[in-house]
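Residue numbers (the working numbering): 1024 to 1139.
Think of the CB as a built atom: it goes at the ideal place given N, C-alpha and C, for glycine as much as any other residue.
Put into structure tokens, the structure is as follows:
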């Protein structure tokens, strides 16, 4: 259970206001922060897929993912954090954790609790 209450934050999760798939950023991050995200995902029991282009591959360490060249295929990490909530992480830059969620999937206190 999170400290966030649906009634306090529901305007931030309104698809009509925010768009259906808003990007969420955590700025001023490091490789270690990304590694902590990867470790959480691996240990959580959540279903996930690491994709390089359209190919599903094992999830390497954050340093390897973030050390990819500009001409390499785009990577993404699709994480099913709840039965009805998919988060798509984009480990493209060391300095920010970027992901999005489908706001149609994030409804009510249960959705907020899963996200938080």
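Fill in: residue 1062 to residue 1082 span [Cα, whole Å]
Each residue's CA atom was taken as its position, placing residue 1062 and residue 1082 some 10 Å apart.
Fill in: Contact check, residue 1075 vs residue 1107, beta carbons under 8 Å
Taking 8 Å as the Cβ cut-off, residue 1075 and residue 1107 do not qualify as a contacting pair.
Item to complete: Using 10 angstroms around the beta-carbon of residue 1064, count the other beta-carbons present and answer buried if the total reaches 16, otherwise exposed.
Response: By the 10 Å Cβ count, residue 1064 comes out buried.
Item to complete: Determine the direct distance from the alpha carbon of residue 1136 to that of residue 1043, and round the result to whole angstroms.
Response: C-alpha of residue 1043 to C-alpha of residue 1136: approximately 19 Å in a straight line.
Fill in: Best match in 1054, 1128, 1031 for proximity to residue 1110 [C-alpha to C-alpha]
With distances taken between Cα atoms, residue 1110 lies closest to 1128.
Practice prompt. Check residue 1132 in the structure and name its three-state DSSP category.
Written response: Three-state result, residue 1132: helix.
Discussion item. Let's see if you can read the secondary structure: which residues bound the alpha helix (DSSP H) around residue 1058?
Written reply: Taken as a continuous stretch (DSSP letters only), the alpha helix (DSSP H) holding residue 1058 covers 1054-1067.
Practice prompt. Have a look at residue 1119 and residue 1113 and give me their C-alpha separation to the nearest angstrom.
Written response: About 9 Å.
Practice prompt. Assign residue 1131 to buried or exposed, taking buried as 16 or more other Cβ atoms, counted over all protein chains shown, within 10 Å of its Cβ.
Written response: Counting Cβ neighbours within 10 Å, residue 1131 comes out exposed, since fewer than 16 surround it.
Discussion item. I believe residue 1057 touches residue 1085 by the beta-carbon criterion, under 8 Å. Please report the beta-carbon distance rounded to the nearest angstrom.
Written reply: That belief holds up - the Cβ atoms of residue 1057 and residue 1085 are roughly 4 Å apart, short of 8 Å.
Worksheet item: Taking all protein chains shown into account, do 16 or more other C-beta atoms lie within 10 angstroms of the C-beta of residue 1146, making it buried, or fewer, making it exposed?
Response: Because the chain spans 1024 through 1139 in this model, residue 1146 falls outside it and cannot be assessed.
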